[in-house]
Structures are given as structure tokens and as C-alpha cells.
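Keeping their order, the protein sequence lines are chains S and R.
Going by my numbering, the first residue of the first sequence is number 122, and it counts up by one from there.
Going by my numbering, the first residue of the second sequence is number 11, and it counts up by one from there.
From the three backbone atoms N, C-alpha and C, an ideal C-beta is built for every residue, glycine too.
These numbers come from a predicted model, not from an experiment.
What follows is a set of notes on a single structure, which appears directly below.
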Amino acid sequence: DAGVIQSPRHEVTEMGQEVTLRCKPISGHNSLFWYRQTMMRGLELLIYFNNNVPIDDSGMPEDRFSAKMPNASFSTLKIQPSEPRDSAVYFCASSLAPRGRGTEAFFGQGTRLTVV
Amino acid sequence: GDSVTQMEGPVTLSEEAFLTINCTYTATGYPSLFWYVQYPGEGLQLLLKATKADDKGSNKGFEATYRKETTSFHLEKGSVQVSDSAVYFCALSAMDTGRRALTFGSGTRLQVQP
């Protein structure tokens, strides 16, 4: 399996522009997570989906952020309008809902977003 | 809520030194515990895991034991290499509460000098 695939790897955009980050989870996984990583705040969970349904979006910072998962093999995270403080590395991860314990998540390479 | 506390970094060691990175947790349920590693410019990779008390996870010479009585999951390696330089994250997944998302610690940067 190719693992979790994110695109683009790097994105530089101007303040006020719309940004869309994309994620393809591992085939067969039914949970998908979006995390944001910054030096100041570390790794923060933004939202997660189970069977394509958003379960917990309490980490989404503002209404400018939205996430969708139209099918089991694709998810997007959109920021509109973008602001310089959104600059961070955004990770997508996926996992298989557990029958028992030990549900690790598999991470993509991340998208480094810079808003100028 | 659930939380993970890791020792502050950076941790700087000479090659072949012994490594310990402390991790303690707070969880409402009975969590599974993980260590992830992040190399520069890359995503997080699972290093090892433990799913019940007294379990020992191990991989690539790293070990960690799930200590329920002290709510700890300290990472150890007997002899570090330069290639082990990375950021290490302790994490938990509290299955009892149905929360599948991982809760991460703040990460500990390890620098190994030749």
C-alpha cells in the first residue's frame, strides 16, 4: 500500500486566498484525522471522520476552516480566507476502527502551508 | 480530558549512550499507548505500542512498558545512534470512551552526536 497520500506537499499563498489540502487514506481504513503542527502549539487534532461522517470537529479553529469526506478514499481541508497565522504543517492520518485495542494511526507526509 | 506529558527537550546524547524519554498520561478510560517518531521533513511514524498494563512494546532497539500504577510509558534505548536523531511523541488512544483520535504529547527532540 502507498500509505496516506497528501497533496500538495508545499503550498505558499497570499492572505485572503482559499487553500484546499487533499488526503487519500489507506485503502480499507475507515477513520480519518486532520492534525495541525506548529512550534507553539505542537500537534492539534482539527477534526476526525468515521465512515466518512465527521465525529469530532471541536478542534477546528474557526469557521474559516472546513473539512469534507465525500467518500472513503478522499478528504479535503479548506481554509477560506487564509491568514498568516494558519501557516503550519497539516497532517492527515487514517486508521482502521478497532475490534479491540491498539488502534494506531498512519500519517501522511504532511502539507507545509505558508500564508504570506 | 485525556492528556500526555513528556519531558522537555532537546535531549542531547553521545552515540552509544543510554536514552530515556519520560512520558506520563491522564485518561478517563483504559488507553492504548504509543510512541511515534518524526524525522526532519517527514510525517509521524509509529515506533511501538502497548495496549494493556505491563505490556512491553519494542522496535528497532527501543522499548517502553505500560505502567498503569504510575500512568507512565517511558521510552528507552540502550545504545543510541546518530540516525536516531528525531522528535519523539508519546500518544494515547482512550478506547473506552470511543474516542479514536490520538492525543499527543508535545514531543521531545533527540540529538545524538557522533
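**Request:** Under 6 Å Cβ to Cβ from R:D65, same chain only, skipping five residues before and after it: list those, please.
**Result:** Here residue 65 of chain R refers to the residue found at position 55 when the second sequence is read from its first residue. Cβ within range, chain order: Y76.
**Asked** Nearest-angstrom Cα distance between R:G115 and S:P191?
**Response** The residue you call residue 115 of chain R lines up with position 105 of the second sequence. The residue you call residue 191 of chain S lines up with position 70 of the first sequence. Using only the alpha carbons, I get a separation of about 31 Å.
**Prompt:** Among S:Q201, S:E135, S:F227, which has the Cα closest to the Cα of S:N151?
**Reply:** Within the first sequence, residue 151 of chain S is the residue found at index 30, counting from 1. Of the listed residues, the one whose Cα sits closest to S:N151 is S:F227.
**Message:** Quick check on S:D184: does DSSP put it in helix, strand or coil?
**Reply:** Taking the first residue of the first sequence as position 1, residue 184 of chain S is located at position 63. Correct three-state label for S:D184: coil.
**Message:** In whole angstroms, give me the CA-to-CA distance for R:Y35 and R:V122.
**Reply:** As a first step, residue 35 of chain R is located in the second sequence; it is residue number 25 there, counting from the start. As a first step, residue 122 of chain R is located in the second sequence; it is residue number 112 there, counting from the start. Computed Cα separation, rounded: 26 Å.
**Asked** Going by other Cβ atoms of all chains shown within 10 Å of its Cβ, with 16 needed for buried, is S:V236 buried or exposed?
**Response** For the purposes of this step, residue 236 of chain S is taken as residue 115 along the first sequence, with counting starting at 1. S:V236 should be labelled buried.
**Request:** Determine the chain S residues that contact R:E79 at a beta-carbon separation under 7 Å, and present them in chain order.
**Result:** Taking the second sequence and counting its residues from 1, one reaches residue 79 of chain R at position 69. The premise fails here: R:E79 is roughly 19 Å from chain S at the closest Cβ pair, so nothing lies under 7 Å.
**Buried or exposed (CB count within 10 angstroms, at least 16 for buried), R:K87** = Mapped onto the second sequence, residue 87 of chain R falls at position 77. Counting of Cβ neighbours within 10 angstroms places R:K87 among the buried residues, the total reaching 16 or more.
**Asked** Of all Cβ atoms in chain R, is any one closer than 8 Å to the Cβ of S:E132?
**Response** For the purposes of this step, residue 132 of chain S is taken as the residue at position 11 of the first sequence. Among the residues facing chain R, S:E132 is not included, as its CB has no counterpart in that chain under 8 Å away.
**Request:** Starting from the Cα of S:T147, find the closest Cα among S:T232, S:S215, S:T224 and give me that residue.
**Result:** Here residue 147 of chain S corresponds to residue number 26 of the first sequence, with the count starting at 1. One detail in the question is off: residue 147 of chain S reads as Ile in this sequence, not Thr. Nearest to S:I147 by C-alpha distance, out of S:T232, S:S215, S:T224, is S:S215.
**Prompt:** Nearest CA to the CA of S:T197: which residue from S:H131, S:P205, S:R143, S:L166?
**Reply:** As a first step, residue 197 of chain S is located in the first sequence; it is residue number 76 there, counting from the start. With distances taken between Cα atoms, S:T197 lies closest to S:R143.
**Message:** Quick check on R:D12: does DSSP put it in helix, strand or coil?
**Reply:** Here residue 12 of chain R refers to the residue found at position 2 of the second sequence. The answer is coil: DSSP assigns R:D12 none of H, G, I, E or B.
**Asked** Within 10 angstroms of its Cβ, does R:V14 collect 16 or more other Cβ (buried), or is it exposed?
**Response** Within the second sequence, the letter at position 4 stands for residue 14 of chain R. Of the residues assessed, R:V14 falls on the buried side of the cut-off, its CB having 16 or more other CB atoms within 10 angstroms.
**Asked** Is it buried or exposed for R:S42, if we count other Cβ within 10 angstroms and need 16 for buried?
**Response** Stepping through the second sequence from its first residue, residue 42 of chain R is reached at position 32. Counting other Cβ atoms within 10 Å of its Cβ, R:S42 reaches 16 or more and is therefore classed as buried.
**Request:** For my contact list, S:F186 and S:L166 are in at a C-beta cut-off of 8 Å; report their separation, rounded to the angstrom.
**Result:** Taking the first residue of the first sequence as 1, we reach residue 186 of chain S at position 65. Taking the first residue of the first sequence as 1, we reach residue 166 of chain S at position 45. About 13 Å separates the two Cβ atoms, so there is no contact after all.
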